[in-house]
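Q:
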Amino acid sequence: MNEKHTGNSRRDFLLKTITLVPAVALGSTGIGTLAAPLSTQAAAKEQTAPPQPTRDYQPTFFTPEEFAFIKAAVSRLIPQDDRGPGALEAGVPEFIDRQMQTPYASGANWYMQGPFYPESDPALGYQLPLQPREIYRLGIHEANQYARNQTGKLFAELSTDQQDQLLMQFEAGKAEFQQVPSKIFFSALLQNTHEGFFSDPIHGGNQGLVGWTLIGFPGARADFMDWVERNEAYPFPPVSIRGERS
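This is how it looks when you write it as C-alpha cells:
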C-alpha cells in the first residue's frame with residue numbers, strides 16, 4: 126500500500142495481485158492463509174456491481190471503538206469507487222468480527238508452542254505467541270494510541286488521507302507498537318480484508334456478491350467446467366452457497 130495504490134489504482138492493484146501465486150503467505154509475516162488461484166482473464170473481464178448500502182451489524186467480539194477502527198481501515202484498503210462497493214459496503218467488518226469467534230481466531234490450528242524468535246528469518250513464518258484475536262485487540266489499541274499521539278484523534282476520526290498515511294506506516298513497520306509489531310497487525314488486517322471481500326456471503330462478507338462480480342468468479346455453481354478452456358468471459362452471474370445471485 127503505497128502512494129500509487131489509492132482510489133481506483135488500489136482496486137487495480139487488488140485485481141492484479143489476486144491472480145498471482147496460488148498459495149502464498151502474505152508479506153513476510155507468515156500469518157497469511159493459502160489463497161485459491163483465480164483466472165487472470167476473469168480478473169481482466171472486470172464487471173461492475175451496483176451500489177449497495179452497508180448492512181447494519183452489531184459486533185459480538187469487537188468493542189464499538191475497535192469496530193469503528195475496523196470499518197475505517199477496511200474502507201481504505203478496498204475503497205468504494207465508480208466500479209463498485211468497497212470492503213465496508215461488502216460487509217468485511219462483519220466478516221472479521223464473526224471470524225473472531227472461530228477456531229482460527231484462537232489459533233486452534235496453529236502451532237503455538239515456543240520458542241519464539243520474532244527477529245528470525247522471515248522464511249520461518251509467524252514467530253509470535255499471539256493468537257489472531259490477540260493481534261487484533263492489541264493492534265487496534267496500539268494503532269489508535271499511535272494515531273492519537275500523532276494527531277490527537279482516534280484513527281476512525283481522521284481524514285481519509287491521514288488514515289492512508291498511517292496505514293502505510295503500519296505496513297512498512299515504521300509505526301512503533303509496544304505489544305505487537307505494526308507490520309504483523311497490518312498484514313493480518315489486509316489478509317482478512319481480502320478474505321472477507323472474496324468469501325462466500327454465508328460468512329458475512331462479499332455481500333451482494335460484489336467481490337465475485339468484480340473478478341468474474343462464478344461462485345458456488347454446480348458446474349462451469351465447460352467454460353474453463355473457452356478463453357472468454359463467463360457469461361452468468363455468481364451464485365452463493367445459499368443460492369444468492371448478484
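Using the numbering used here, the letters of the sequence shown map in sequence onto residues 126 to 371. Glycine included, each C-beta is placed from N, C-alpha and C at the ideal position.
Can you confirm whether the region 268 to 282 touches the region 217 to 232 when touching is taken to mean that 3 or more C-beta pairs between the two stretches lie within less than 8 Å?
A: No, because fewer than three Cβ pairs between the region 217 to 232 and the region 268 to 282 fall closer than 8 Å, the two stretches do not touch.
Q: Please report how far the alpha carbon of L202 lies from the alpha carbon of Y251, in whole angstroms.
A: 22 Å
Q: Going by DSSP in three states, D206 sits in which element: helix, strand or coil?
A: strand
Q: Of the residues S312, F194, R370, which one's Cα is nearest the Cα of E219?
A: The shortest C-alpha separation from E219 is found at F194.
Q: Under 8 Å between the Cβ atoms of V305 and E357?
A: no
Q: Mapping the DSSP letters down to three states, classify R223 as helix, strand or coil.
A: helix
Q: Return the Cβ separation of G336 and A197 in integer angstroms, given the expectation that the two are a contact with Cβ distance under 8 Å.
A: Incorrect: roughly 20 Å between the Cβ atoms, too far for contact.
Q: Please name the residue, chosen from R223, D246, G209, L253, that lies closest to Y375 on a Cα-to-Cα basis.
A: Look at the range of the chain in this structure, 126 to 371, and you will see that residue 375 is not part of it.
Q: Could you tell me if T227 is buried or exposed, where buried requires 16 or more neighbouring beta carbons within 10 angstroms of its beta carbon?
A: Exposed, since its Cβ has fewer than 16 Cβ neighbours within 10 Å.
Q: Indicate whether the contact test is met: 3 or more Cβ pairs, each with one atom in the region 255 to 263 and one in the region 297 to 317, closer than 8 Å.
A: Yes, the region 255 to 263 is in contact with the region 297 to 317.
Q: Given Y271, which residues of its chain have a CB within under 6 Å of its CB, disregarding the five upstream and five downstream residues?
A: Residues A300 of the same chain have their beta carbon placed closer than 6 Å to that of Y271, with the five preceding and five following residues left out of the count.
Q: Determine whether the beta carbon atoms of N317 and F323 lie at a separation below 8 Å.
A: Not in contact: N317 and F323 (Cβ atoms no closer than 8 Å).
Q: Which one of F241, G277, M293 has the shortest CA to CA distance from L314?
A: M293
Q: Thinking just about the alpha-carbon of each residue, which of P254, A248, P247, Q205 is nearest to the one in P240?
A: P254
Q: According to DSSP, is V364 part of a helix, a strand, or is it coil?
A: strand
Q: Can you round the beta-carbon distance between G209 and L339 to whole angstroms, since I take them to be within the 8 Å contact cut?
A: 6 Å
Q: Span of the alpha helix (DSSP H) holding Y261?
A: 257 to 276
Q: Just the C-alpha distance for R180 and D206, rounded to the nearest angstrom, thanks.
A: Rounded to the nearest whole angstrom, the CA to CA distance from R180 to D206 is 18 Å.
Q: Distance check for R258 and T185, CA to CA, integer angstroms please.
A: 13 Å
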